[in-house]
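The structure under discussion appears below in the form of structure tokens.
Spelled out as structure tokens, the structure:
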């Protein structure tokens, strides 16, 4: 804002600067913030992890403290996107029966801490492809070539995903297997305060 002494950049404790990674983008990988839009669109209501409740749509901000190294890519039913089981030479979906051509789908999870607690984050589909920067088919080929279900996690670590600070929006779900709440991610953004602030200052003085 212009205070009479020139433009000032004011950042409060409830503000953050970011570049969003959207579900409908072409997969480009996990990239840091490099551009910003106007300040008004950057202010979100951030929920504390300790306060989230089942079925809520929430936005949290925290640090990735652990990648859960389970199966990263799987064969799924093209109709319901659920995992199919291979029986002899057939793929079978529990809901839709025999599946002639299953599709590859990425699903991985990680734990985020915001200072009030931990929560498991589930990331799947096109959003997961954008995070790793590869299509599900390409990940499946890599897993087969390296004969390792955990190979994709090395890529995420090399991209700096682990220990990064994220803003995550999604729906809170009760995971029956771990008997705990988790967030099914709808959008994931990386926070880079210094870089974003520099861009904001540059933008203010060139307008």
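Residue numbers (UniProt numbering): 1 to 207. In this text, a Cβ means the ideal position worked out from N, Cα and C, and glycines have one as well.
Exercise. Can you find at least 3 beta carbon pairs, one from the stretch 98–106 and one from the stretch 164–172, that sit closer than 8 angstroms?
Worked result: Counting Cβ pairs under 8 angstroms, fewer than three are found: no touch.
Problem set entry | Whole-Å CB distance - residue 118 paired with residue 65, under 8 angstroms assumed | Translated into the one-based positions of the chain shown, residue 118 becomes position 118. Translated into the one-based positions of the chain shown, residue 65 becomes position 65. With a Cβ gap of about 7 angstroms, residue 118 and residue 65 count as contacting.
For this session: With DSSP collapsed to three states, give me the class of residue 158.
Result: As a first step, residue 158 must be located in the chain shown, where it is residue number 158. Three-state result, residue 158: helix.
Exercise. Which value, in whole angstroms, describes the spacing of the CA atoms of residue 62 and residue 170?
Worked result: If you number the chain shown from 1, residue 62 lands on position 62. If you number the chain shown from 1, residue 170 lands on position 170. When rounded, the distance between both Cα atoms is 14 angstroms.
Problem set entry | Pairwise C-alpha distance: residue 205 and residue 54 | Taking the chain shown and counting its residues from 1, one reaches residue 54 at position 54. Taking the chain shown and counting its residues from 1, one reaches residue 205 at position 205. In this structure, the alpha-carbon of residue 54 lies about 44 angstroms from that of residue 205.
Problem set entry | Whole-angstrom C-beta distance between residue 69 and residue 150, which should lie under 8 angstroms | Taking the first residue of the chain shown as position 1, residue 150 is located at position 150. Taking the first residue of the chain shown as position 1, residue 69 is located at position 69. Indeed they touch by this definition, with Cβ atoms about 5 angstroms apart.
For this session: State yes or no: is the C-beta of residue 132 within less than 8 angstroms of the C-beta of residue 143?
Result: As a first step, residue 132 must be located in the chain shown, where it is residue number 132. As a first step, residue 143 must be located in the chain shown, where it is residue number 143. With contacts defined as CB atoms closer than 8 angstroms, residue 132 and residue 143 fail to qualify as a contacting pair.
For this session: Look up residue 193 in the DSSP assignment and say whether it is helix, strand or coil.
Result: On the chain shown, residue 193 is found 193 positions in, with the first residue counted as 1. Helix at residue 193.
Exercise. Do residue 90 and residue 185 have their C-beta atoms closer together than 8 angstroms?
Worked result: Taking the first residue of the chain shown as position 1, residue 90 is located at position 90. Taking the first residue of the chain shown as position 1, residue 185 is located at position 185. For the 8 angstroms CB-CB criterion, residue 90 and residue 185 do not form a contact.
For this session: Can you say whether residue 77 is buried or exposed, counting buried as having 16 or more other CB atoms within 10 angstroms of its CB?
Result: Stepping through the chain shown from its first residue, residue 77 is reached at position 77. By the neighbour-count rule (16 or more Cβ atoms within 10 Å), residue 77 is buried.
For this session: Return the chain-ordered ranges of every beta strand (DSSP E) run that is complete within the stretch 61–102 and spans a minimum of 3 residues.
Result: Entirely contained in the stretch 61–102, the beta strand (DSSP E) runs reaching 3 residues are, in chain order, 73–76, 85–87, 90–93, 97–99.
Problem set entry | Three-state class that DSSP yields for residue 140 in the structure shown | Against the chain shown, residue 140 aligns to sequence position 140. The answer is helix: DSSP assigns residue 140 an H, G or I state.
Problem set entry | Whole-number beta carbon distance between residue 162 and residue 67, since they are thought to touch under 8 angstroms | Taking the first residue of the chain shown as 1, we reach residue 67 at position 67. Taking the first residue of the chain shown as 1, we reach residue 162 at position 162. With 8 angstroms as the limit, residue 67 and residue 162 qualify as a contact, their Cβ atoms being about 6 angstroms apart.
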